[in-house]
Amino acid sequence: MKQGSGGLIMIKGKLTVLLAGVALITMSACSSTKTYVESTSYKVPKWYDDCQQYTTDEWYKLFWREKNLVGCGAATDGFEDFSRSTAIMNAKAKVADRINGVVSSQADLTYHNETKDNKLTRSNRVKPSTLKEYEIIDSMTYPYQGKFVTFIKIKVPEDQINVATTQLPN
3 MKQGSGGLIM IKGKLTVLLA GVALITMSAC SSTKTYVEST SYKVPKWYDD
53 CQQYTTDEWY KLFWREKNLV GCGAATDGFE DFSRSTAIMN AKAKVADRIN
103 GVVSSQADLT YHNETKDNKL TRSNRVKPST LKEYEIIDSM TYPYQGKFVT
153 FIKIKVPEDQ INVATTQLPN
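In case it helps, the working numbering puts the sequence shown at residues 3 to 172.
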């Protein structure tokens with residue numbers, strides 16, 4: 003009576019196929035992950051140091067050219083996502099500052115008998131600006147001293163920039 007042995011072989015075959023499938027899925031999941039190597043030095047990409055203020059999309063040559071404002075931002079954080087989102091926010095703030103920033107400076111000089119008192123006040127305020135669309139042109143992230151360092155370069159089409167008419171509070 004060898005009826006049970008055929009069923010056992012069939013179960014072992016299915017189990018082998020199942021285990022092989024799980025192994026393949028596990029291996030494919032490992033190949034889709036990104037591994038960072040801890041950097042021993044702080045690196046700044048060339049495109050960040052030479053961040054242009056404007057760029058023109060050249061692939062529209064036949065019909066029209068689209069002019070873009072460019073902004074670069076950097077950030078360091080213990081979490082990769084926070085580092086990246088803060089770098090994007092800093093790049094957007096630089097673009098908004100260029101289109102809608104207000105700089106003020108005030109110097110006061112007072113004399114009291116033989117002494118003088120200098121007081122210098124400067125401020126840079128960015129009025130609310132809407133950057134509807136932006137595109138990340140370049141980015142670089144690497145771990146350094148236990149934190150993630152991120153550099154981002156974005157472009158914003160000039161026609162997508164809306165400047166708010168409301169004033170900032172004092």
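All C-beta atoms in this analysis are idealised placements derived from N, C-alpha and C, irrespective of residue type, glycine included.
Taking all protein chains shown into account, isoleucine 154 has 16 or more neighbouring C-beta atoms within 10 Å of its C-beta and is therefore buried. Given a length threshold of 3 residues, each whole run of the beta strand (DSSP E) inside the stretch 104-145 is given here in chain order: 117-128, 131-133. Here alanine 76 is bridged, per DSSP, to Phe153. Taking all protein chains in view, the Cβ of serine 85 is crowded by 16 or more other Cβ atoms within 10 Å, so the residue is classified as buried.
Shortest Cα-Cα distance from lysine 36 to any of Pro145, Glu116, Thr123 involves Pro145.
Leucine 122 sits exposed, since fewer than 16 C-beta atoms from the chains shown fall within 10 Å of its C-beta. In terms of Cβ geometry, lysine 129 and valine 72 do not form a close pair [threshold 8 Å].
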